[in-house]
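Colleague: Pasting in a structure now, in structure tokens, and then I'll have a few things to ask.
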Amino acid sequence: MLHYNMKDFDEMASLANEIRKYFPKEADLAVIHFESSYSRLVSLLIVSMLWNYLEAEKIVADGLNSKADPLSNTRKWTPQDFLRYQHIMRN
1 MLHYNMKDFD EMASLANEIR KYFPKEADLA VIHFESSYSR LVSLLIVSML WNYLEAEKIV
61 ADGLNSKADP LSNTRKWTPQ DFLRYQHIMR N
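Pasting the structure below:
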């Protein structure tokens with residue numbers, strides 16, 4: 001059975017503070033931040049865990065707001081986004 005201790009949560013909070021400025025709209029930049037130290041796969045895993053941590057922190061602080069617009073935490077698409085997904089769809 002997996003057990004967590006407070007040191008794990010302290011480390012999670014420390015890593016979350018590194019990418020807090022990118023939350024919740026710039027996940028790509030958060031991944032790039034960790035890619036200087038880790039591989040892309042490990043960076044993606046770290047950011048996904050930290051995103052969940054920051055979301056939980058936000059829910060604890062603000063509560064659940066069922067009337068919130070689900071797209072309020074997204075960024076506007078750029079032309080690069082359209083080109084990237086067009087390329088993905090072709091392949």
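Letter by letter, the sequence shown follows residues 1 to 91 in this note's numbering. We put the beta carbon where it would ideally sit given N, CA and C, even for glycine.
#1: Per DSSP, what kind of secondary structure is residue 24 in: helix, strand or coil?
#2: Relative to the C-alpha of residue 75, which candidate in 43, 48, 29, 9 has its C-alpha closest?
#3: Buried or exposed for residue 34, please, with buried defined as at least 16 other CB atoms from any protein chain shown within 10 angstroms of its CB.
#4: Residue 27 and residue 51: beta carbons closer than 8 Å?
#5: On a Cα-Cα basis, can you pick out the residue from 37, 24, 47, 86 that is closest to residue 59?
#6: Going by C-alpha to C-alpha distance, which of 53, 84, 62 sits closest to residue 17?
Modeller: So, to answer that:
#1: Residue state for residue 24 is assigned as coil, using DSSP reduced to three classes.
#2: Taking the Cα of residue 75 as reference, the smallest distance to any Cα among 43, 48, 29, 9 is reached at 29.
#3: Residue 34 comes out buried.
#4: Yes; because the gap between Cβ atoms is below 8 Å, this pair is in contact.
#5: The shortest C-alpha to C-alpha distance from residue 59 to any of 37, 24, 47, 86 is the one to 24.
#6: Ranked by Cα distance from residue 17, the first of 53, 84, 62 is 53.
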